[in-house]
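Visitor:
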Amino acid sequence: MTDNNSIRLFTERLVLRPTVPHDVERAIEIRSNHEVARNLASATIPPDIEKMTNWFFGHAEEWRTGSAYRLAITLARTS
1 MTDNNSIRLF TERLVLRPTV PHDVERAIEI RSNHEVARNL ASATIPPDIE
51 KMTNWFFGHA EEWRTGSAYR LAITLARTS
C-alpha cells in the first residue's frame with residue numbers, strides 16, 4: 001500500500017503526480033479532440049463523461065489497494 005500523496009516525479013519541465021478527481025475535466029477536453037481520440041483504441045467521440053468520471057473517482061481506491069498507480073503528467077510550472 002502506498003500513500004499516493006507522497007508520490008511525485010519531477011523533471012526539468014514535467015511533474016508526474018497521482019491523478020485527482022478534478023483531472024477528469026482536462027481528460028474529457030483532451031479526449032474530445034478528434035486528432036487525439038482517433039489514436040486511442042478505447043476512445044469514443046464524444047467521450048463517455050459518466051464512464052470517465054467514474055474511472056477517475058476510482059483511482060484513489062486503486063492506490064489504496066495497490067491494484068493500479070495512475071499518474072497525471074503536468075507542466076512543472078502549473079503543478
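For the sequence shown, counting from 1, position 21 maps to 21 in my numbering; every step adds exactly one. Quick reminder that beta carbons are idealized off the backbone N, C-alpha and C, glycines included. All figures in this text were calculated on a predicted structure; none of them were measured in a lab.
What would DSSP say about R8, mapped onto helix, strand or coil?
Guide: What you label residue 8 is simply residue 8 of the sequence shown in a count that begins at 1. Three-state result, R8: coil.
Visitor: Can you give me the start and stop residues for the beta strand (DSSP E) that V36 sits inside?
Guide: Your numbering for residue 36 matches position 36 in the sequence shown. Here V36 belongs to no beta strand (DSSP E); instead the alpha helix (DSSP H) covers H34 to A37.
Visitor: Out of curiosity, what's the CA-to-CA distance linking S67 and E61?
Guide: For the purposes of this step, residue 67 is taken as the residue at position 67 of the sequence shown. For the purposes of this step, residue 61 is taken as the residue at position 61 of the sequence shown. Approximately 8 Å, taken between the alpha carbons.
Visitor: May I ask which residues mark the beginning and end of the beta strand (DSSP E) holding A72?
Guide: On the sequence shown, residue 72 is found 72 positions in, with the first residue counted as 1. Taken as a continuous stretch (DSSP letters only), the beta strand (DSSP E) holding A72 covers L71 to L75.
Visitor: With a threshold of 16 other CB atoms inside 10 Å of the CB of D46, please say whether the residue is buried or exposed.
Guide: Locating residue 46 in the sequence shown gives position 46, where the first residue counts as 1. Residue identity differs from the one stated: residue 46 is Pro in this sequence, not Asp. P46 is exposed by the Cβ-count criterion.
Visitor: Compute the beta-carbon to beta-carbon distance between R70 and T19, rounded to the nearest angstrom, for a pair I have assumed lies under 8 Å.
Guide: In the sequence shown, the residue the question calls residue 70 occupies position 70. In the sequence shown, the residue the question calls residue 19 occupies position 19. 5 Å between Cβ atoms; contact.
Visitor: On the premise that F56 lies in contact with A37, defined as a C-beta separation below 8 Å, what is that separation, rounded to the nearest angstrom?
Guide: The residue labelled residue 37 in the question sits at position 37 within the sequence shown. The residue labelled residue 56 in the question sits at position 56 within the sequence shown. At roughly 17 Å, the Cβ-Cβ gap does not stay under 8 Å, so A37 and F56 are not in contact.
Visitor: DSSP has V15 in a bridge; who is on the other side?
Guide: Numbered from 1 along the sequence shown, position 15 holds the residue referred to as residue 15. Partner(s): F10 and T74.
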